[in-house]
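S.K.: Input: one structure, supplied below.
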Amino acid sequence: MNIDKIERRTKGIKISYFKSLDSTNSYLLENGDCGEVCISDSQSAGRGRRGNTWVSPNSGNLYFSLCWCFKKKPENYALWSLLGLLIGIAIAETLEDIGLKGHGIKWPNDIFWQQRKMGGILLESKNQLGRVVIGIGLNLKMSKEDQKQIDQAVVTFEEAFGKTFSKDELVILLIKKLHQFLKDFDTLEFDHFNEIWNRWDILNGETVSIKHQGEDLLGQAGGIDSFGRLLFTNQKNNEMLSLSSADIKLNSLNKGV
Ligand code: BTN
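Numbering (this note's numbering), first residue to last: 13 to 269.
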């Protein structure tokens, strides 16, 4: 990767680049300066959400993290819980800017293209209030052999775009978009946010099955509340649940953007 070029084009952002690393999130959680970006060609202990492993071979995929420090706490506490969703939107918009169609976000922040996962986001913080590490993994290029290590349907950028493209250019665009979104974050209004979210939400109105308190439930997903929780109506008793975390399976998904 051409790190000088990325630093120049992102107006001097500090980039720490490695051929291999345990996890770019771990690196920044321990050593990261505010605004610093860490990129690695592979990760030996890549982490996903809900304690999962993020398979990170040296195949051309993108594994990177950004350390962000909020100067002031957002007035509205509920905003914090929307941050992870917002990062998903920033990525979805970047992909739209470079011509992708048919992608969306599976709550809370999995990037999907035609029913298969193309990327994921992991937000972590440690000790300091307002300092957050945003980790992003995108499947740009991966052999079928490597894809077999993942226990769900995945798709690569190469397949979705029908061409290979520069990892450097993608990182530059993502950093710019993330900055734009993050600097406006503390003045974000939920109603406005919700409108944008609805545009990308691939679960809205879909029948999904979830595991909730040890029970398998079938029902409809119906958008989010102002805390970014998924609204789910249980088909059995019409009870509405607000879920802050859940393992969601799509029963029928036939929607793109
Ligand atoms: C998920 O969908 O489960 C989230 C995956 C996040 C993976 C990225 S890759 C870069 C950063 N470093 C990590 O260890 N995890 C995130």
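Glycine is no exception: its CB is placed at the ideal position from the N, C-alpha and C atoms. None of the values given here were measured: they were computed from a predicted structure.
For Phe193, I'd like the list of residues in its chain whose CB is within less than 8 Å of its CB, leaving aside the five on either flank, ordered along the chain.
M.R.: If we look at Phe193 and ignore the five residues flanking it on each side, its Cβ neighbours are Leu98, Ile99, Ile101, Ala102.
S.K.: For Ile15, collect the residues of the same chain with a Cβ closer than 6 Å to its Cβ; drop the 5 residues on either side in sequence, then sort them by chain order.
M.R.: Counting only Cβ-Cβ distances below 6 Å, and skipping sequence neighbours, we find Ile27, Tyr29.
S.K.: Using 10 angstroms around the beta-carbon of Asn266, count the other beta-carbons present and answer buried if the total reaches 16, otherwise exposed.
M.R.: Confidence at Asn266 is low in this model, with a pLDDT of 44, below 50, so its placement is unreliable and no value can be given for it.
S.K.: By Cβ distance below 7 Å, which residues in the same chain neighbour Gln161 in space, the five residues on each side in sequence not counted?
M.R.: Excluding residues within five positions, the ones whose Cβ falls inside 7 Å are Val67.
S.K.: Does Asp45 pass the burial test, meaning 16 or more other C-beta atoms within 10 Å, or should it be called exposed?
M.R.: The residue is exposed, with fewer than 16 neighbouring Cβ atoms inside 10 Å.
S.K.: Does DSSP put Val183 in a helix, a strand or coil?
M.R.: Val183 falls in the helix class under three-state DSSP.
S.K.: Rounded to whole angstroms, what's the CA-CA distance from Thr219 to Gly24? Just pull it up for me.
M.R.: Each residue's alpha carbon lies about 46 Å from the other.
S.K.: Please find out if some non-hydrogen atom of the ligand BTN comes closer than 8 Å to the beta-carbon of Tyr75.
M.R.: Yes, Cβ of Tyr75 sits closer than 8 Å to a heavy atom of the ligand BTN.
S.K.: Buried or exposed: which applies to Gln55, given that a residue is buried once 16 or more other Cβ atoms fall within 10 Å of its Cβ?
M.R.: It counts as buried.
S.K.: Would DSSP call Asp237 helix, strand or coil?
M.R.: Three-state DSSP puts Asp237 in coil, outside helix and strand.
S.K.: Enumerate, from N- to C-terminal direction, the unbroken alpha helix (DSSP H) stretches of 4 or more residues contained entirely within the segment 86-173.
M.R.: Correct list: 91-109, 156-159, 169-173.
S.K.: In the DSSP output, what is Cys79 paired with across the bridge?
M.R.: Cys79 is bridged to Val145.
S.K.: Do three or more CB pairs link the segment 132-145 to the segment 237-246 at distances below 8 Å?
M.R.: No, they do not touch.
S.K.: Check whether the Cβ atoms of Val144 and Phe82 sit closer than 9 Å, and answer yes or no.
M.R.: Yes, they are a contact pair.
S.K.: Based on the DSSP output, what are the partners of Lys254 in its beta bridges?
M.R.: Contrary to the premise, residue 254 reads as Ser rather than Lys in this sequence. Looking at the DSSP assignment, Ser254 forms a beta bridge with Leu243.
S.K.: Locate the beta strand (DSSP E) running through Asp259, then write down its first and last residues.
M.R.: Start and end: 259-262.
S.K.: Suppose contacts are defined by Cβ-Cβ distances below 9 Å. Is Asp163 in contact with Ile222 by that definition?
M.R.: Not in contact: Asp163 and Ile222 (Cβ atoms no closer than 9 Å).
S.K.: Going by DSSP, name the residue or residues bridged to Tyr29.
M.R.: DSSP, once it has assigned bridges, lists Ile51 as partnering Tyr29.
S.K.: What first and last residue would you give for the beta strand (DSSP E) that runs through Ser221?
M.R.: 219-224 is the span of the beta strand (DSSP E), which, as asked, contains Ser221.
S.K.: Suppose you measure from the CA of Ser178 to the CA of Leu150; what does that come to, to the nearest Å?
M.R.: Rounded to whole angstroms, Ser178 to Leu150 spans 13 Å at the Cα level.
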